[in-house]
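Accompanying notes for the structure given below.
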Amino acid sequence: MEHQKHLPDVNLTSLVEFFLLGFSDIPHLQMFLFGIFFFAYVIILMGNGMIILVTRVDKALQTPMYFFVANYSFLEICYVSITIPKMLMNLWTQKRNISLFECATQMCFSLILGGMECLLLAVMAYDRYVAICNPLHYPLVMNHRVCIQLVAGSWITGIPIHIGQTCETFSLPFCGSNQINHFFCDIPPIFKLACGDTFVNEMSLYILVVLFITVPFLLILGSYGKVISTILKLPSATSRAKAFSTCSSHLMVVALFFGSGIITYFQPKSKHSSGRDRFLSLFYTIVVPMFNPMIYTLRNKDVMVALRKLL
2 MEHQKHLPDV NLTSLVEFFL LGFSDIPHLQ MFLFGIFFFA YVIILMGNGM
52 IILVTRVDKA LQTPMYFFVA NYSFLEICYV SITIPKMLMN LWTQKRNISL
102 FECATQMCFS LILGGMECLL LAVMAYDRYV AICNPLHYPL VMNHRVCIQL
152 VAGSWITGIP IHIGQTCETF SLPFCGSNQI NHFFCDIPPI FKLACGDTFV
202 NEMSLYILVV LFITVPFLLI LGSYGKVIST ILKLPSATSR AKAFSTCSSH
252 LMVVALFFGS GIITYFQPKS KHSSGRDRFL SLFYTIVVPM FNPMIYTLRN
302 KDVMVALRKL L
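Each residue of the sequence shown is one higher than the one before, starting from 2 at the first, in the working numbering.
Rendered as structure tokens:
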């Protein structure tokens with residue numbers, strides 16, 4: 002907390018930098034947190050990198066489902082690399098400053114990659130829907146060209162919207178403190194530093210959340226409603242168990258990622274708690290990417306067999 006007291010309060014009309022407070026309220030745990038997050042980052046890079054490698058080299062995994070899983074793993078690596086390295090640097094050096102341009106860039110890329118992740122999870126749910134509900138048409142519907150188009154659409158859709166949202170956020174008038182009570186530049190803590198009325202900005206954020214979180218989430222729920230209904234009609238208990246096993250991995254990732262995202266972004270500025278926001282943000286920036294490889298490998302016999310072959 003001592004470090005927090007000495008950080009400058011400035012008039013942000015001539016802003017050049019922010020200070021990311023991160024976990025400065027627990028100074029005695031800085032090196033411990035550095036070790037934990039560094040270990041998590043290495044696990045995320047190695048685990049997701051292993052999924053990308055094994056799905057590329059094993060012919061048995063050259064299917065649409067694993068094509069989407071590999072893209073999702075690559076997206077996770079990109080997503081965590083936007084926030085964790087800066088957080089580790091702040092924990093190690095205790096400097097905590099971040100330039101205006103760097104903060105805006107970090108926010109923009111985290112929004113773009115977070116939106117892509119929501120859309121890609123919806124695409125993966127659609128893939129499972131077609132595979133289980135229309136198995137005879139699956140090779141025709143989910144051909145290689147369609148898979149590439151779906152992934153490209155997930156990557157490209159929303160880029161101009163997220164850039165616009167970032168520009169709108171940083172065009173707000175700021176005054177008083179330049180201390181961001183978070184470990185990365187996210188929209189809710191930036192709103193707290195703004196002067197005047199942020200109603201229009203909050204409304205645009207809610208529209209963004211509806212488009213990129215709520216709509217994909219509802220599509221996923223609809224897809225899995227149909228999937229579960231179809232699975233329950235299967236005559237063989239073995240077939241039902243295998244189908245549920247394939248879908249449950251994806252549902253676990255969806256529940257963790259969308260749950261924390263919806264709670265974080267669907268609150269008005271006055272209701273945001275800094276401690277709770279940081280805790281929820283840890284879920285979609287560290288916990289989900291770290292457990293993603295474990296969920297998709299330990300619960301998947303095909304991937305485990307491919308890993309044994311590779312090793």
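Every residue, glycine too, gets a C-beta built ideally from N, C-alpha and C.
Nothing here was measured: the structure is a model prediction, and the numbers come from that model.
>> Let's see if you can read the secondary structure: which residues bound the alpha helix (DSSP H) around I149?
In response: Per DSSP, I149 belongs to the alpha helix (DSSP H) from H145 to I157.
> Exposed or buried, what is L209 when buried is set at 16 or more other beta-carbons lying within 10 Å of its beta-carbon?
Replying inline: In summary, L209 is buried, with 16 or more beta-carbon neighbours lying within 10 Å of its beta-carbon over all protein chains present.
> Under the DSSP definition of a beta bridge, which residues are partnered with S100?
Replying inline: Per DSSP, E18.
>> For the structure I just gave you, are there three or more beta carbon pairs, one from the stretch 141-152 and one from the stretch 91-101, closer than 8 angstroms?
In response: Contact check between the stretch 141-152 and the stretch 91-101: fewer than three CB pairs, one atom from each, fall below 8 angstroms, which does not count as touching.
> How big is the Cα-Cα spacing for S100 and F19?
Replying inline: If you take the alpha carbons of S100 and F19, they lie about 6 angstroms apart.
> Among all the DSSP beta bridges, which residues are the ones paired with A195?
Replying inline: In the DSSP output, where bridge partners are listed per residue, A195 has F175.
>> If distances are taken between C-alpha atoms only, which option among K227, T199, P236 and I264 comes closest to V211?
In response: Out of K227, T199, P236 and I264, I264 has the C-alpha closest to the C-alpha of V211.
> By DSSP, does T64 sit in helix, in strand, or in coil?
Replying inline: Coil at T64, not helix or strand.
> What three-state label does DSSP hand Q31 in the structure shown?
Replying inline: Reduced to three states, the DSSP call for Q31 is helix.
>> Using a 10 Å radius around the Cβ and a threshold of 16 neighbouring Cβ atoms, would you call P136 buried or exposed?
In response: With a 10 Å radius around the Cβ and a threshold of 16 neighbouring Cβ atoms, P136 comes out exposed.
> Is it true that the CB of M253 sits closer than 7 angstroms to the CB of I45?
Replying inline: The answer is no: Cβ separation not under 7 angstroms.
> Unbroken beta strand (DSSP E) runs of length 3 or more, entirely within the stretch 68-121: which are they?
Replying inline: Runs of beta strand (DSSP E) with 3 or more residues, each lying fully within the stretch 68-121, are found at 98-100, listed in chain order.
> Taking buried to mean at least 16 other C-beta atoms within 10 Å of its own C-beta, is V289 buried or exposed?
Replying inline: Classification of V289: buried, given that the 10 Å Cβ count is 16 or more.
> What is the residue span of the alpha helix (DSSP H) that K310 lies within?
Replying inline: From DSSP, the alpha helix (DSSP H) with K310 extends over K302 to L311.
> When we look at the beta-carbon of S1 and count the other beta-carbons within 10 Å, is it buried (16 or more) or exposed?
Replying inline: Lying outside 2 to 312, the shown extent of the chain, residue 1 is not represented and no answer is given.
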